[in-house]
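What follows is a set of notes on a single structure, which appears directly below.
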Amino acid sequence: MTTQASAAIDFAKGNGVVPVVAVDHASRRVLMFAYMNREAFEETVATGRACYFSRSRERLWRKGEESGNFQVVREIRIDCDEDTIVLMVEQMGDGAACHTGHESCFYRRLENGEWREVEPRKVDPAKYGPAYGHQSKTPR
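If you read the sequence shown in the working numbering, its first letter stands for residue 3, the second for the next number, and so on.
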């Protein structure tokens, strides 16, 4: 079912998906970047929990379905071109939005031409099982 809100979004421009930035509603910190298709958007609106579209798995990705680190949506915004979404969320569970166990997926900073990890993990990703075992190659 296409809602009036989802009908306004230009999914065609991105071959059926739009970029989504998840931002902590209290701190305004960027937590992660993902994609949504129409179905993910409509589920997000209907449930109040962030649902994305995994391009690699080609299926809906209900944030927190495996880890418990789900996102309660407090506000949804759309850009002027109607092809990018911002979700203002409350990060639940262990507080890790990133599968590496960090609060944000943007935990590395460019220093002297190298990416350096500049924020500690909130939780060991091994707690969630092998799917969360991805380790970055970035020096700490």
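C-beta: ideal position from N, C-alpha, C; glycine also.
- Following the DSSP letters along the chain, one finds R40 inside the alpha helix (DSSP H) bounded by residues R40 to T49.
- Residue ranges of uninterrupted alpha helix (DSSP H) with 4 or more members are absent from the segment 66 to 110; none lies entirely inside it.
- Using a 10 angstroms sphere on the CB of A42, the tally of other CB atoms reaches 16 or more, which defines it as buried.
- Only residues of its own chain outside the window of five on either side were considered, and among them G50, R51, V91, E92 and M94 have a CB closer than 7 Å to the CB of V74, listed in chain order.
- Residue environment for T5: exposed (fewer than 16 other C-beta atoms within 10 angstroms of its C-beta).
- In summary, P122 is exposed, with fewer than 16 beta-carbon neighbours lying within 10 Å of its beta-carbon over all protein chains present.
- Put simply, the segment 61 to 70 does not touch the segment 82 to 89. Fewer than three CB pairs are less than 8 Å apart.
- About 7 Å separates the beta carbons of M34 and S106, which is inside the 8 Å limit, making them a contact pair.
- Residue pairing by DSSP puts P21 in a beta bridge opposite Y37.
- In the DSSP assignment, Y54 forms a beta bridge with W63.
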